[in-house]
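Chemist: Here it is, the structure, as structure tokens.
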Amino acid sequence: MLGLGVDRLQADINRLLTSLFHQGVLDEQFLQLQQLQDETSPTFVYDVINIYFDESEKLLRSLRLLLMDREFSDYKKIGLHLNQLVGSSSSIGARRVRNVCVAFRSASELNNRPGCLRGLEVVEHEYHYLKNMMHELFQLEQQRLLAAGVRYPM
Amino acid sequence: MACEMENDQTEEMDIEVLSSMWPEDVGTQADNQFNVEKPAGDSDTLKEVDIAEKRTMADLKRLPELMNTTDQGSSQLTNLVKQWEYMQDHAVKLLREELKILTKQREEAEAKELKIIEEHNFESQEPENVPVLDDTSHLFRRFKHKKRDALVGSKRVEIDEEFDTVQYWKQKAFSLEKMLEASTERERRLIEKLNESLKTMESHSAPVEELTQNLKRAEGFLHFILQNAPIVMGHQDKDLRYLFIYNKFPTLREQDILGKTDVEIFHGGGVKESEDFKREVLEKGKASKREITFETELFGSKTFLIYVEPVYNKAREKIGINYMGMEVTDQVRKREKMAKLREDNAVRKAMESELNKTIHITEETMRAKQMLATMSHEIRSPSSGVVGMAEILSTTKLDKEQRQLLNVMISSGDLVLQLINDILDLSKVESGVMRLEATKFRPREVVKHVLQTAAASLKKDLTLEGNITDEVPIEVVGDVLRIRQILTNLISNAIKFTHEGKVGIKLKVISVPSFASGMELNADAEEQNGLTETETSVWIRCDVYDTGIGIPGKALPCLFKKYMQASADHARKYGGTGLGLAICKQLVELMGGQLTVTSQVNAGSTFTFILPYKVATSDDHSDDQDFSDMVDHHQPEPDDTTEGYFQFKPLLGSIYSNGGPVIGNNSFLPHKVMLTSPLKRINGFVSDTSNNTAQSETTQVENNGYIDETRLETCSGPCPSKETESCSSSQASSEGGALEMESELTVSSRREEEETETTKPKILLVEDNKINIMVAKSMMKQLGYTFDIANNGVEAMTAIKGTSYDLVLMDVCMPVLDGLKATRLIRSYEESGNWDAAIEAGVDIKISENEQACVHSTNRLPIIAMTANTLAESSEECYANGMDSFISKPVTLQKLKECLRRYLH
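For the record, the sequence lines run as chains A and B. Numbering of the first sequence is given in the numbering used here, commencing with residue 637 and proceeding in unit increments. Numbering of the second sequence is given in the numbering used here, commencing with residue 1222 and proceeding in unit increments.
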């Protein structure tokens, strides 16, 4: 808290991001997002990701409800939901979530219910993983900002 | 050989006859040669067969002679005699057996009789002479026995009367008489039987007759077997003159053959050979076989398997040969065919294995390529991560040394990315995945931009020039991105190897080149370039020349090969991947053109590519007017579209000052500004503009870089709806004078903002995804634009109806009404001036009177699709539905900027 850990924190952030890139959890689009963050909107990334999580949570809940219904047949609606999810995931650069969503979507296009259920599980798993990672990232970011904010009077 | 069988019955036979010849040892065993001792049934069948003897021809006088004089003949006769003897022996044996039975019967009868007599003697107590001595009595008894044995007729007489009475003697006499009678009777019967036997013996036929019969049967059998067989048999004497022949050629008469040699009878191929063969056998005295093909006038071409054995007389002297020929023409033919087939088969197999090897190698190569592509792809993600991180790092506070290090790091990373992109490009071209897009563009602009870009990063004292002849059309259609890629590649190559003098591009129109003449335009290329036959096309020759080190002649052939550079020395000195030219060549060929090179060592090289283009109709405006805002302001050029000559001189300072903004060219990644000295100038410029614009948009908080926790919380809270953030920029102000660290992206956007502020274009974003809206909004803000938002196609149409927009960004995939349909309806409105089509389609649009009357600009509203599929197919779909261009998702700042530049100015 004395502002001495800034470098270390930045290194941690970079390491985390690099590993996320390496695993394919994130892609270049996330960098775009970061580039968009400037002094006029310093929390842009955080905001977008938060909204993304809110929206996605809703979509996933809705998807689960749809799929849990025994007499459901509304694959079209599932497809629409997934389109949303794919679109927003690719916008923030959540590559792995996007990819599993695409797989899920193709299962729904084939009206393949077991495939859909499996797809949902995978998507949820990836989603939660991403959420955890992002949470960690933002925490580090927050700490770094705090540390960077420390100034000593000359 | 000498003869020919009448019927070629072997025609249809498939069996290989050659091996079924008699085994060698046959013939010495007379019993086996002709099984004449057949049961009656068998000889009957032979008798039934009517044996036609007409074809047999034998010198009857000579044959018996032959039989008598030769070993074989005499052994045959001996055999027959032996058989006859055996039969006689058999008959005798039978008779003997009968005799034995009779004798046995007689012995039995005698034994019985003796017994009776003994009994009788014992009973009668006939007095015996008492022996004086044991020995004598013994002898006597033995004698008595003997006597009794000898006496056949003496039988015991049973007499009831008292011994030595008259009655007794009478009775005895009587019984003895009876016995005598029986004995006589027996004797008579035996004699009768003996006579009978004798008679049957006599009735047996004479041996000669029997032998004749056997011979006849053998002969008949032979005829039966041989009459239709494709076999010629003969006997020739020492001088090889025929003495006997069987199954001769039908047209030859007996007198034509007998007494003559082969050579005298026939003419043609093979005759001499067979004659020699026979002579050889005769000389060597060893039986042998040979296959001989005859070519005679008489029976044409036939192959015979000939067996020749020498014949000896009883004195073991050679007297001639036996000869047997079998026609095997078909077999030989089949055999040859078979051999040929086998040979063919072997050849084919060899070829097959060769092909398999080739296929294997090709597959391996493909796999290797695929792997390279995959690996490159895999490497790209993490390395773009590295570069990205480095870029982020470059926005932080760094001292001079750190910045230099970082710049090196970024440029190295760029190099790696460039290399990987090259590899991916190449494998795309090679695997045929790459598709060309046909877009309208201005060749002059392209040349200019390429040179400009090159000049921007030029570190040498070189003159860059472009020269375009007047007949080159202002606008042509082709894949501008690829063409630019080729030009950039060639130019940077030229600059790399040129240390002084100039590097330039020359464009001129040529007639249809020889490699394409005749077909006018390669059909594939035509299709790929989006050309159709009806449209006029033009061939443009593009020379990229330099005054560099040149290329030695021996290096020219491998110049366009992958990973090849003119020499290892060059590779070390100049670096580079060696992929560039290979990609250029592939791209040019993909577009139906040709890339060639001429060069002179130490004088320079010229790379020439010839490509077909469709001539664009001049009435609609170019859609490749990007970068027009980057026109060099220091060299005012009145008319960009017709200018035929450009020159860029390395005025060092002045070039760099405007070299910064030259971005967006796809061959350069956006972080190109890494030279420290000119950067300061940019920064000076930048800080000015940022001061201007920042004030207009943000309220600067002069809180001396201090940021407390509460402020952070308010910032991090979800506040998406606020478009223009009121919260202050903590970073910008806190970093104070460190504005030089601004990434170049923001630099250019600032400039743009400045430019576009006067006429703010109206943009409509049609998008349903909140996140996407948010990201797009942020990007637009950075680029200095604002826009309206519609959540689906219907909303979009309502908005367009009410407001006149300069540009629409349309998501393709939307609920309620998707982007494609909405675009179609908007286009139909533009054409007809009413919304009937939309209303017909069931879209609910509120139309008020004054809006209906409102006159919209008749200009075509640029609609840009935002699609998740980057494949060319889906872009075609976009164009088909009336869209002007498309941005593939996820939308990046770069793409958005390029697009906006193209459509808004």
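A virtual CB, placed ideally from N, CA and C, is assigned to each residue, including glycine.
1) According to DSSP, is B/PRO1833 part of a helix, a strand, or is it coil?
2) Using a cut-off of 9 Å between C-beta atoms, extract the partners of A/GLY660 located in chain B.
3) What does B/MET1572 reach in chain A if we use C-beta pairs closer than 7 Å?
4) At which residues does the beta strand (DSSP E) containing B/MET1547 begin and terminate?
5) Buried or exposed: B/ASN1925, going by 16 or more other Cβ atoms within 10 Å of its Cβ?
6) Does B/GLY2054 come out as helix, strand or coil in the three-state DSSP assignment?
7) Does any residue of chain A bring its CB to less than 7 Å from the CB of B/LYS2110?
8) So with Cβ pairs under 7 Å, would you call B/VAL1996 a contact of chain D?
9) DSSP beta-bridge partners for B/PHE2107?
10) Please confirm whether A/GLN779 has its beta-carbon closer than 7 Å to some beta-carbon of chain B.
11) For the region 1590-1618 of chain B, which residues have a beta carbon sitting closer than 8 Å to at least one beta carbon of chain A?
12) Please list the partners that B/CYS2034 has in chain A, where partner means a Cβ-to-Cβ separation under 8 Å.
13) How should B/MET2087 be labelled, buried or exposed, when 16 other C-beta atoms within 10 angstroms of its C-beta is the threshold for buried?
14) Using a 10 Å radius around the Cβ and a threshold of 16 neighbouring Cβ atoms, would you call B/VAL2112 buried or exposed?
15) Can you give me the C-alpha to C-alpha distance between A/HIS658 and B/GLU1686, rounded to a whole angstrom?
16) What number of angstroms, rounded off, separates the C-alpha of B/SER2109 from the C-alpha of B/ARG2045?
17) What residues in its chain sit with their C-beta under 6 Å from that of B/ASP1385, if we drop five residues either side in the sequence?
18) Within 7 Å (strictly less), CB to CB, does B/ILE1631 reach chain A?
19) Pull up the CB-CB distance for B/TYR1866 and B/ASN1688, whole angstroms please, since I reckon it's below 8 Å.
20) Find out if the Cβ-Cβ distance for the pair B/LYS1414, B/GLY1541 is shorter than 7 Å.
21) Consider the Cβ of B/ILE1641: report whether some Cβ of chain A lies at a distance smaller than 7 Å.
22) Have a look at the DSSP bridge pairing and note the partners of B/CYS1763.
23) Taking Cβ-Cβ distances shorter than 9 Å, what residues in chain A pair up with B/SER2096?
24) Do B/GLY1455 and B/PHE1465 have their C-beta atoms closer together than 7 Å?
25) Use the C-beta contact count for A/ARG644: other C-beta atoms within 10 angstroms, 16 or more gives buried, fewer gives exposed.
26) For B/ARG1462, which option in B/ILE1452, B/ILE1527, B/THR1482 has the closest C-alpha, if you only look at C-alpha atoms?
27) Does DSSP classify B/VAL2037 as helix, strand or coil?
28) Could you pull out every residue in the same chain whose Cβ sits closer than 8 Å to the Cβ of A/GLN769, ignoring the five residues on either side in sequence?
29) Hey, out of B/PRO1778, B/LEU1298, B/GLU2061, whose CA is closest to B/ALA1439's CA?
30) From the DSSP output, in three-state form, read off B/LEU1593 for me.
31) Out of A/SER725, A/LEU781, A/ALA743, point me to the one whose CA is closest to A/LYS767's CA.
32) Can you give me the start and stop residues for the beta strand (DSSP E) that B/MET2031 sits inside?
33) For A/PHE689, which of helix, strand or coil comes out of DSSP?
34) B/GLY1455 lies in the beta strand (DSSP E); which residues open and close that run?
35) Is B/PRO1451 near the ligand PLP, going by C-beta to nearest heavy atom under 6 Å?
36) Any contact of the region 1992-1999 of chain B with the region 678-691 of chain A, i.e. 3+ C-beta pairs under 8 Å?
Modeler: Inspection of the coordinates gives the following:
1) Numbered from its first residue, the second sequence carries residue 1833 of chain B at position 612. Of the three classes helix, strand and coil, the one that applies to B/PRO1833 here is strand, per DSSP.
2) Translated into the one-based positions of the first sequence, residue 660 of chain A becomes position 24. Chain B residues near A/GLY660: SER1602.
3) On the second sequence, residue 1572 of chain B is found 351 positions in, with the first residue counted as 1. Ordered by position in chain A, no residue passes the 7 Å Cβ test against B/MET1572, which lies about 44 Å from the chain.
4) Translated into the one-based positions of the second sequence, residue 1547 of chain B becomes position 326. Residues 1539-1548.
5) On the second sequence, residue 1925 of chain B is found 704 positions in, with the first residue counted as 1. Reliability of the predicted coordinates at B/ASN1925 is poor, the pLDDT of 42 falling under 50, and the value obtained from them is presented with this limitation in mind. It is exposed - the Cβ of B/ASN1925 has fewer than 16 other Cβ atoms within 10 Å.
6) Walking along the second sequence from the start, residue 2054 of chain B turns up at place 833. B/GLY2054 falls in the coil class under three-state DSSP.
7) On the second sequence, residue 2110 of chain B is found 889 positions in, with the first residue counted as 1. B/LYS2110 counts as touching chain A.
8) Here chain D cannot be found, since the structure's protein chains are A and B.
9) Indexing the second sequence from 1 puts residue 2107 of chain B at position 886. BP columns for B/PHE2107 point to B/ALA2086.
10) One-based indexing of the first sequence puts residue 779 of chain A at position 143. No - not a single Cβ of chain B is within 7 Å of the one on A/GLN779.
11) SER1602, PRO1603, SER1605, GLY1606, VAL1607, GLY1609, MET1610, GLU1612, ILE1613, LEU1614, THR1617
12) Taking the second sequence and counting its residues from 1, the one referred to as residue 2034 of chain B is at position 813. Residues of chain A passing the Cβ test: ASN719, GLY723.
13) Mapped onto the second sequence, residue 2087 of chain B falls at position 866. Classification of B/MET2087: buried, given that the 10 Å Cβ count is 16 or more.
14) Position 891 of the second sequence, counting from 1, holds the residue named residue 2112 of chain B. Result: buried.
15) Counting from one through the first sequence, the residue named residue 658 of chain A turns up at place 22. Counting from one through the second sequence, the residue named residue 1686 of chain B turns up at place 465. Distance between the alpha carbons of A/HIS658 and B/GLU1686: 44 Å.
16) As a first step, residue 2109 of chain B is located in the second sequence; it is residue number 888 there, counting from the start. As a first step, residue 2045 of chain B is located in the second sequence; it is residue number 824 there, counting from the start. Each residue's alpha carbon lies about 20 Å from the other.
17) Here residue 1385 of chain B corresponds to residue number 164 of the second sequence, with the count starting at 1. Closer than 6 Å at the Cβ level, and outside the excluded window around B/ASP1385, lies no residue.
18) Along the second sequence, read from residue 1 onward, the residue named residue 1631 of chain B stands at position 410. Output row for B/ILE1631: interface = no.
19) Counting from one through the second sequence, the residue named residue 1866 of chain B turns up at place 645. Counting from one through the second sequence, the residue named residue 1688 of chain B turns up at place 467. Correct: roughly 6 Å between the Cβ atoms.
20) Taking the second sequence and counting its residues from 1, one reaches residue 1414 of chain B at position 193. Taking the second sequence and counting its residues from 1, one reaches residue 1541 of chain B at position 320. No.
21) Here the question's residue 1641 of chain B lines up with position 420 in the second sequence. Closer than 7 Å: no.
22) Here residue 1763 of chain B refers to the residue found at position 542 of the second sequence. Answer is B/LEU1728, B/PHE1830, bridged to B/CYS1763.
23) What you label residue 2096 of chain B is simply residue 875 of the second sequence in a count that begins at 1. None at all; the shortest Cβ gap to chain A is about 17 Å.
24) Counting from 1 along the second sequence, the entry for residue 1455 of chain B is found at position 234. Counting from 1 along the second sequence, the entry for residue 1465 of chain B is found at position 244. Yes, Cβ-Cβ distance for B/GLY1455 and B/PHE1465 is below 7 Å.
25) Locating residue 644 of chain A in the first sequence gives position 8, counting from the first residue. Looking at its Cβ environment, which holds fewer than 16 other Cβ atoms inside 10 Å, A/ARG644 is exposed.
26) In the second sequence, the residue the question calls residue 1462 of chain B occupies position 241. When only C-alpha atoms are compared, the closest one is B/THR1482.
27) As a position in the second sequence, residue 2037 of chain B is number 816, starting the count at 1. The answer is coil: DSSP assigns B/VAL2037 none of H, G, I, E or B.
28) Translated into the one-based positions of the first sequence, residue 769 of chain A becomes position 133. It should be noted that the sequence gives Met, not Gln, for residue 769 of chain A. Counting only Cβ-Cβ distances below 8 Å, and skipping sequence neighbours, we find LEU652, LEU656, VAL661.
29) Working through the second sequence from its first residue, we reach residue 1439 of chain B at position 218. Of the candidates B/PRO1778, B/LEU1298, B/GLU2061, the one whose C-alpha sits nearest the C-alpha of B/ALA1439 is B/LEU1298.
30) Within the second sequence, the letter at position 372 stands for residue 1593 of chain B. In this structure, B/LEU1593 counts as helix in the three-state DSSP scheme.
31) As a working note, residue 767 of chain A is residue 131 in the first sequence. Nearest of A/SER725, A/LEU781, A/ALA743 to A/LYS767, Cα basis: A/SER725.
32) Counting from one through the second sequence, the residue named residue 2031 of chain B turns up at place 810. 2028-2032 is the span of the beta strand (DSSP E), which, as asked, contains B/MET2031.
33) To locate residue 689 of chain A, count along the first sequence from 1; it is residue 53. DSSP places A/PHE689 in helix when its eight states are reduced to three.
34) The count along the second sequence starts at 1 and reaches residue 1455 of chain B at position 234. Looking at the DSSP string, the run of the beta strand (DSSP E) that includes B/GLY1455 is 1452-1458.
35) Although the ligand PLP was asked about, the structure shown includes no ligands whatsoever.
36) Yes, the region 1992-1999 of chain B is in contact with the region 678-691 of chain A.
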